[in-house]
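Note that the protein sequences, when read in sequence, are chains A and B.
Going letter by letter, the first sequence gives residues 1 to 107 in the working numbering.
Going letter by letter, the second sequence gives residues 1001 to 1114 in the working numbering.
All C-beta atoms, glycine included, are put in the ideal place defined by N, C-alpha and C.
Model, not experiment: these values are computed from the prediction.
Inspection log for the structure reproduced underneath, given as C-alpha cells.
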Amino acid sequence: KNEVEQSPQNLTAQEGEFITINCSYSVGISALHWLQQHPGGGIVSLFMLSSGKKKHGRLIATINIQEKHSSLHITASHPRDSAVYICAVRSPDKLIFGTGTRLQVFP
Amino acid sequence: DVKVTQSSRYLVKRTGEKVFLECVQDMDHENMFWYRQDPGLGLRLIYFSYDVKMKEKGDIPEGYSVSREKKERFSLILESASTNQTSMYLCASSTTSGGFYEQYFGPGTRLTVT
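Written out as C-alpha cells, the structure reads:
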C-alpha cells in the first residue's frame, strides 16, 4: 500500500464546476505539498501546509492532521486548470509523492 | 523567479550508452534533487545533494550516479543505459537551513532507451 494515496486518479469536469481532489497518508508528516504538473512535464508548487487551510485565487487546500487527510479544491474550474495534481508529504526529511490526479476540464 | 533548467526535453539513447542529464538552477539553492517519474508510481528520488561535491542516495540509486562540481549544476549519469531506465527525469532545487522545504522543479527530460 502506498504511503500517500490520492483520489480520484482521473477526473473530468465541465467548466465552472467545483472540484475536490483528496489525499490520504499513513505516515507522520511535518508538512504537505500540493503540486501541479502541466502537460509536457513542468511541475509547479501550489501549496505547502502543515495545518488548517490556505487559499490562493480559486484554489483552496485544507489539511486535517488527526485524520491524515488533505483536500485540494478548485472553485469555478476552467480548462486551463487541466493538469495532473500531485500530493506530497514531508516525512521526516524527504518528500513522499502520491501518484497524482489527472484533471480535465472541458469548456 | 526561480529558474531550474534541464539540458534536454527529449532524449533517445541506445542500450549501453553513457547518458548525462544536466540540471542548472539560478537561485543559489543549496539542495538539488533528481527524480524519475513513471506511470502509476509517482515521483521517486534517485539522488540528492545538499552542497557542492556532496551527494546522498535516494530511494532508487541503482544504475545512476551524480556529480555536483558547482553549486548551480547537478548532473545525473547513467553509466550504461538500460531499457528499464526509460522514464521522465525531473530535477528540483530548494533552499533551507535543513530539511526539504519547497522544491522548484525543472521542465523534465523524457528519456527513451532503445
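Which bits of chain D does residue i rub up against, with CB to CB less than 9 Å?
i, result
"B:Gly1016", "No chain D appears in the structure shown, which is made up of the protein chains A and B."
List, in chain order, every chain A residue whose beta-carbon is nearer than 8 Å to that of residue i.
i, result
"B:Gly1040", "Thr99"
"B:Leu1045", "Lys94 and Leu95"
"B:Glu1069", "Within chain A, no residue comes near B:Glu1069; the closest Cβ sits about 24 Å away, beyond 8 Å."
"B:Glu1102", "His33, Ser45 and Met48"
List the residues of chain B that residue i touches, going by C-beta distances under 8 Å, in chain order.
i, result
"A:Lys54", "Result: empty, since nearest Cβ-Cβ is about 13 Å, beyond 8 Å."
Find the residues of chain A that neighbour residue i, judging by a C-beta separation of less than 7 Å, and give them in chain order.
i, result
"B:Gln1085", "What B:Gln1085 touches in chain A: nothing, since even the nearest Cβ is about 17 Å away."
"B:Glu1030", "Going along chain A, no residue has its Cβ under 7 Å from B:Glu1030, so there is no contact; the nearest lies around 14 Å."
"B:Glu1022", "Those do not exist, as B:Glu1022 stays about 16 Å from chain A at its closest Cβ, beyond 7 Å."
Does residue i pass the burial test, meaning 16 or more other C-beta atoms within 10 Å, or should it be called exposed?
i, result
"A:Ala76", "exposed"
"B:Arg1068", "buried"
"A:Thr101", "buried"
"A:Gly57", "exposed"
So what's residue i in DSSP terms, helix, strand or just coil?
i, result
"A:Arg80", "helix"
"B:Thr1083", "helix"
"B:Glu1017", "coil"
"B:Asp1051", "coil"
"B:Tyr1064", "coil"
"B:Asp1038", "strand"
"B:Thr1109", "strand"
"A:Met48", "strand"
What residues in its chain sit with their C-beta under 8 Å from that of residue i, if we drop five residues either side in the sequence?
i, result
"B:Gly1099", "Note on B:Gly1099: pLDDT 48, under 50, position unreliable in the model; the coordinate value appears next. Once the five neighbours on either side are set aside, B:Gly1099 has no close Cβ partner at all."
"A:Asn2", "Gly98 and Thr99"
"B:Met1027", "Val1002, Lys1003, Ser1093, Thr1095 and Tyr1104"
Note down, in chain order, every chain B residue with its Cβ under 7 Å from the Cβ of residue i.
i, result
"A:Ile43", "Leu1090 and Phe1105"
Can residue i and residue j be called in contact, C-beta distance under 8 Å?
i, j, result
"A:Pro79", "A:Pro107", "yes"
"B:Leu1090", "B:Tyr1035", "yes"
"B:Glu1102", "A:Ser91", "no"
"A:Gln6", "A:Ile21", "yes"
"B:Gly1042", "A:Gly41", "no"
Just to confirm my understanding: we take residue i, look at its own chain, exclude 5 residues before and 5 after, and list those with CB closer than 6 Å. What are they?
i, result
"B:Val1066", "Tyr1047, Lys1055 and Leu1076"
Below 7 Å CB to CB, which residues in the same chain sit around residue i once its five sequence neighbours on both sides are set aside?
i, result
"A:Met48", "Ala31 and His33"
"B:His1029", "Ser1093, Ser1094 and Thr1095"
So which residues of chain A does residue i contact, with C-beta pairs closer than 9 Å?
i, result
"B:Glu1062", "Neighbours of B:Glu1062 on chain A: none; closest Cβ ~17 Å, over 9 Å."
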